[in-house]
Structure formats: C-alpha cells, structure tokens
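Worksheet: the structure to be examined is printed underneath.
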Amino acid sequence: MWSSNRRTFLLTGGALALTGCGFTPAYGPQGGAGVLLNSVSPDAPSSPDAFALVTHLQERLGPANPARYRLSYTIKTAAAGQGISTDNATTRYQLSGTVDYTLRDATSDAVLLTGRVNSFTSWSASGTIVASQSAEQDAHIRLMTILADQIVTRLLAQASSLPQ
C-alpha cells in the first residue's frame, strides 16, 4: 500500500513541476510545431547524401503543400580510418558530417533561421569489398538521418519565433 501512495505522490509532483516550468509540447495546441508541418520545402537533392537527408526531413515534417518555408542546406562529410590491422589494412572508418541550413520564407526569400548540426557514425571494412561498400552506404544514410533529426529538433525548438 505504501508504494502505491509513493507512486501517486511522485507522479503528482512530476506533473506539477512540468506545469510550473512553462513546458509546452511542441505538437500540442499551443506548441509551435504546427506551423512547420507540411509547410517546409527542402532544396532538391543533388547527391545521395542530400537525397537521404531530404527524404528523412520530409518523413519528419511531411510534404510541403503549399510550401510556406524553404530549407536550403550544405552538406560536408569526411571519412577517416580508425582501425588498422597488423597487416596495415584499415578495418574501421569514421564518417563525420556537418550540415549548414537556412530556413527562408518561401514568398519573400527572407532568412528566418540558420544553424549548423554535426555528428558522426562509423562502419566496418573487414569483410568483402561488396560488404564494405554496403556498410559505407549504410553509414552515409545513418549519418543523414541523424543530421536530419537534429535539424528538425532545432527547427521545432525555434518554431514559435516564426511568422504565422
């Protein structure tokens, strides 16, 4: 019986703490995320990395219909060997990536938000050539997914400052 009362007390205290801090869910009625959903049009992809980035951005934000905002981006990636075997063969690579992005008003082209996100991932190159190439492609897709998620998180955090 005592643990049930303690659980109720902790849940009530947690709920009161969240209401007291001004927390508003991004997708809630007063949240700012609604302005971004189905209204952000990323630039057309021009590389496999850009295609993976744009695909994930559209999965998270929905297709722009109509486009209220335009998202331009610049992707930079670099691979570096991380593991070397005794016979001097690289067996593990790290892929680092950075995306600089700019959110613009689709009609006036005014810059509304800018930012930079970065992350890394890695892959093993110890198998066959085909397996290593497949692992590298997968690492690029994983990295673009991570970077797209970071962009969306930053856009959602700043969405309340965007013009309605």
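Sequential numbering from 5 applies to the sequence shown in this note's numbering. Glycine residues also receive a C-beta, built at the ideal position from the N, C-alpha and C atoms. Just so we're clear, the structure is a prediction, and the values are computed from it rather than from any experiment.
DSSP beta-bridge partners of residue i
i	result
Q98	A84 and S126
R120	D104
DSSP three-state assignment for residue i, whether helix, strand or coil
i	result
R74	strand
M5	Here the model assigns M5 a pLDDT of 47, short of 50, so the residue's position is not dependable, and the following value carries that caveat. In the structure shown, M5 sits in coil (DSSP, three-state: anything other than H, G, I, E or B).
P29	coil
S51	coil
S165	helix
D91	coil
S112	coil
S45	strand
Whole-angstrom C-beta distance between residue j and residue i, which should lie under 8 angstroms
i	j	result
A139	A152	With a Cβ gap of about 20 angstroms, A139 and A152 do not count as contacting.
L99	A83	5 angstroms
Local Cβ density within 10 Å of residue i, reported as buried at 16 or more and exposed below that
i	result
T149	buried
I133	exposed
I177	For the chain, the structure presents residues 5 to 168; residue 177 sits outside this window and is missing.
G66	exposed
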